[in-house]
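Asker: Chains as they are written, first to last, in our numbering: chain R, 44 to 261; chain D, 44 to 261.
Here it is, the structure, as structure tokens.
There are 2 protein chains.
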Amino acid sequence: MPDAAVTGRSARKRQAIMAAATALFLRDGYRNTSMDQVAADAAVSKQTVYKQFADKEQLFRDIVLGVTANSEAVITGMTSALRDAGVVSQAELRTVLTDLARRYLDGVLQPRVVALRRLIIAEAERFPDLARTYFEQAPARAIELIADALRTYAERGLLTAGDPRLAAAHFAYLVLAIPQDRAQFYPGERPSAAERDRHAGEAVRIFLAAYGPPSLSP
Amino acid sequence: MPDAAVTGRSARKRQAIMAAATALFLRDGYRNTSMDQVAADAAVSKQTVYKQFADKEQLFRDIVLGVTANSEAVITGMTSALRDAGVVSQAELRTVLTDLARRYLDGVLQPRVVALRRLIIAEAERFPDLARTYFEQAPARAIELIADALRTYAERGLLTAGDPRLAAAHFAYLVLAIPQDRAQFYPGERPSAAERDRHAGEAVRIFLAAYGPPSLSP
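Shown next as structure tokens:
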């Protein structure tokens, strides 16, 4: 068999193992998931699982870090619109922030993202380094990138944000916290598009009331 | 032995079993905790455990519902100050809300509360009814009581809140979301008193900028 075909088959098996393990970790937790079960659900031999992943811990780490890397890419894409939008008026700022809020909600409320977040929270004592890596590279990274944009808007006189990082954190949690916290306790539920629109709109209204330019603030 | 002494000893054993089980559930998750281990850690016989709790599920339910009832009592006490404070000016409103925010943060960031919240989130798929009960009677109940108070303040012209429940949810998550979300991923950390003061003060500032009376809003 040519090398490329071997690599392709190997990559497909790796994907199948990671998908099966993710489903099992989410359903049964880390400790109750066995490599035997992962192999059976992925329809590969146990040897194949161990060829790809040294042990269950390595498998768990690779899954969490894969999701983290994916979140990071999504966040970078989402926030690049903030820098490139050439915002120079209050109306444009409101439009850009509302659009960001709406996409941010869609990303964070994906059932897979909610499920993995619950898994990482559940295992945060067993794997504190993974919980930290996820937190730093997903939610905290998004806040940093938003802070960069807010700093620019403040320099243009569109916002008053003495502490852009704190302002960005307030923006992020105004947008996300209500539906995200609910989703943690009701994993099967998801707000409708109309509800997500309303959350996004209200979050931006509150944010601009509190962080608008000096002339508009009380 | 007189009846009261038997009752007292029985209640103490029940407390010891619940304390041991809570620690084990938090450390090992629901599925990995055995009744044998609970009995050993509580220093009682297995028969005593089964006399008090029909099975492991009953034990888990009683622990979560006990914490829920306790949270409810704390919330009722905390928010009763809102109604009794006789707030008639903006300055008084700011003081009352800042005090509420500060106490709310202290309550929610207690290590035991954070740990139980993580446990309920982890087991939300296994016990959806318990997750719902906790959510309705702890965070959602707090928001309802805050909404009642905001409605009164709006009637006195101190706030503009067309939807007092949404305003209350924004207040709650402005206060809590930043440190609470972090606590889920860093269970061993806790913000200092100065950091909690700052969170509370900033949350109230933003809330009043967005929901202040018509004359103060942009």
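Glycine included, each C-beta is placed from N, C-alpha and C at the ideal position.
Is there at least one Cβ from chain D nearer than 8 Å to Phe170/R's Cβ?
Answerer: Counted from its first residue, the first sequence places residue 170/R at position 127. Answer no: the Cβ-Cβ gap between Phe170/R and chain D never drops below 8 Å.
Asker: Within 10 Å of its beta-carbon, does Gln227/R have 16 or more other beta-carbons around it, so buried, or fewer, so exposed?
Answerer: Position 184 of the first sequence holds residue 227/R. Its Cβ being crowded by 16 or more others within 10 Å, Gln227/R is buried.
Asker: Which runs of the alpha helix (DSSP H) at least 4 residues long sit entirely within the region 207-233 of chain R? Give them in chain order.
Answerer: Correct list: 207-228.
Asker: What does a CB cutoff of less than 7 Å around Arg169/D pick up in its chain, not counting 5 residues either side in sequence?
Answerer: As a working note, residue 169/D is residue 126 in the second sequence. Excluding residues within five positions, the ones whose Cβ falls inside 7 Å are Tyr73.
Asker: Taking Ala97/D as the reference, which of Leu219/D, Ile60/D, Leu69/D, Gln223/D has the closest Cα?
Answerer: The residue you call residue 97/D lines up with position 54 of the second sequence. The option with the nearest alpha carbon to Ala97/D is Ile60/D.
Asker: Can you look up Phe103/D in the DSSP assignment and give me helix, strand or coil?
Answerer: As a first step, residue 103/D must be located in the second sequence, where it is residue number 60. Correct three-state label for Phe103/D: helix.
Asker: Does DSSP classify Arg155/R as helix, strand or coil?
Answerer: Walking along the first sequence from the start, residue 155/R turns up at place 112. If DSSP states are grouped into helix, strand and coil, Arg155/R belongs with the helices.
Asker: Taking C-beta to C-beta, are Leu152/R and Pro234/R nearer than 8 Å?
Answerer: Numbered from 1 along the first sequence, position 109 holds the residue referred to as residue 152/R. Numbered from 1 along the first sequence, position 191 holds the residue referred to as residue 234/R. Contact flag set, yes.
Asker: Could you check the C-alpha separation between Ala236/D and Glu179/D for me, to the nearest Å?
Answerer: Counting from 1 along the second sequence, the entry for residue 236/D is found at position 193. Counting from 1 along the second sequence, the entry for residue 179/D is found at position 136. If you take the alpha carbons of Ala236/D and Glu179/D, they lie about 29 Å apart.
Asker: So that I know if they touch, is there some Cβ in chain D lying closer than 8 Å to that of Asp79/R?
Answerer: For the purposes of this step, residue 79/R is taken as residue 36 along the first sequence, with counting starting at 1. So, not an interface residue.
Asker: Tell me whether Ala112/R is buried or exposed, calling it buried when 16 or more other Cβ atoms sit within 10 Å of its Cβ.
Answerer: Sequence index remark: in the first sequence, residue 112/R carries index 69 (1-based). So Ala112/R counts as exposed.
Asker: For Glu198/R, count neighbouring C-beta atoms within 10 Å of its own C-beta (all shown protein chains included) and say buried if the count is 16 or more, exposed if not.
Answerer: The residue given as residue 198/R occupies position 155 in the first sequence. It is exposed - the Cβ of Glu198/R has fewer than 16 other Cβ atoms within 10 Å.
Asker: With a 10 Å radius around its C-beta and 16 neighbouring C-beta atoms as the bar for buried, classify Gln90/R as buried or exposed.
Answerer: Within the first sequence, residue 90/R is the residue found at index 47, counting from 1. The residue in question, Gln90/R, is exposed, as its Cβ has fewer than 16 Cβ neighbours within 10 Å.
Asker: Consider the Cβ of Glu100/R: report whether some Cβ of chain D lies at a distance smaller than 8 Å.
Answerer: Locating residue 100/R in the first sequence gives position 57, counting from the first residue. Cβ-Cβ to chain D under 8 Å: no for Glu100/R.
Asker: Looking at the structure shown, is Gly205/D part of a helix, part of a strand, or coil, going by DSSP?
Answerer: In the second sequence, residue 205/D corresponds to position 162, counting from 1. Gly205/D: coil per DSSP, three-state reduction.
Asker: Just reading off the alpha helix (DSSP H) that Pro256/R is part of, what are its end residues?
Answerer: Working through the first sequence from its first residue, we reach residue 256/R at position 213. Element bounds for Pro256/R: n/a, residue is neither H nor E.
Asker: Using a Cβ-Cβ cut-off of 8 Å, state whether Asp240/D counts as contacting chain R.
Answerer: By 1-based counting over the second sequence, the position of residue 240/D is 197. Answer no: the Cβ-Cβ gap between Asp240/D and chain R never drops below 8 Å.
Asker: Determine the direct distance from the alpha carbon of Arg225/R to that of Arg55/R, and round the result to whole angstroms.
Answerer: For the purposes of this step, residue 55/R is taken as residue 12 along the first sequence, with counting starting at 1. For the purposes of this step, residue 225/R is taken as residue 182 along the first sequence, with counting starting at 1. About 35 Å.
Asker: Going by C-alpha to C-alpha distance, which of Leu108/R, Tyr254/R, Ala158/R sits closest to Ala66/R?
Answerer: Taking the first residue of the first sequence as position 1, residue 66/R is located at position 23. Looking at the Cα atoms, Ala158/R is the closest of the given residues.
Asker: For Thr122/D, count neighbouring Cβ atoms within 10 angstroms of its own Cβ and tell me buried if that reaches 16, exposed if not.
Answerer: Taking the first residue of the second sequence as 1, we reach residue 122/D at position 79. Counting Cβ neighbours within 10 Å, Thr122/D comes out buried, since at least 16 surround it.
Asker: Determine, using beta carbons only, whether Pro222/R comes closer than 8 Å to chain D.
Answerer: Against the first sequence, residue 222/R aligns to sequence position 179. Not an interface residue.
Asker: Is it buried or exposed for Val49/D, if we count other Cβ within 10 angstroms and need 16 for buried?
Answerer: As a working mapping, residue 49/D is identified with position 6 in the second sequence. Per the 10 Å Cβ criterion, exposed.
Asker: Does the beta-carbon of Gln58/D have 16 or more other beta-carbons within 10 angstroms, so that it is buried, or is it exposed?
Answerer: Working through the second sequence from its first residue, we reach residue 58/D at position 15. It counts as exposed.
Asker: Excluding sequence positions up to five away, which residues of its chain have a Cβ less than 6 Å from the Cβ of Arg146/D?
Answerer: Your numbering for residue 146/D matches position 103 in the second sequence. Once the five neighbours on either side are set aside, the close Cβ partners of Arg146/D are Met121.
Asker: So within the region 68-114 of chain R, which uninterrupted beta strand (DSSP E) runs reach at least 3 residues, ignoring any that extend past its ends?
Answerer: You should have found no qualifying run.
Asker: Is Val247/R close to chain D, meaning its C-beta is less than 8 Å from at least one C-beta of that chain?
Answerer: Counted from its first residue, the first sequence places residue 247/R at position 204. Not closer than 8 Å to any Cβ of chain D, the Cβ of Val247/R fails to qualify, so no.
Asker: Who are the neighbours of Ile164/R on chain D, taking C-beta pairs under 8 Å?
Answerer: Within the first sequence, residue 164/R is the residue found at index 121, counting from 1. In chain order: Arg161, Ile164, Ala165, Gln227, Phe228.
Asker: Would you say Phe214/D lies against chain R (beta-carbon separation less than 8 Å)?
Answerer: The residue labelled residue 214/D in the question sits at position 171 within the second sequence. Cβ-Cβ to chain R under 8 Å: no for Phe214/D.
Asker: On the three-state DSSP scale, how would you describe Glu166/D?
Answerer: As a working mapping, residue 166/D is identified with position 123 in the second sequence. Of the three classes helix, strand and coil, the one that applies to Glu166/D here is coil, per DSSP.
Asker: Run down chain R in chain order and give the residues with a C-beta less than 9 Å from the C-beta of Tyr177/D.
Answerer: Residue mapping note: residue 177/D aligns to position 134 of the second sequence, counting from 1. Under the 9 Å cutoff, chain R gives Phe228.
Asker: Would you kindly work out how many angstroms separate the C-alpha atoms of Leu251/R and Ile106/R, rounded to a whole number?
Answerer: On the first sequence, position 208 is the one that residue 251/R refers to. On the first sequence, position 63 is the one that residue 106/R refers to. Near 38 Å, if we compare the C-alpha coordinates of Ile106/R and Leu251/R.
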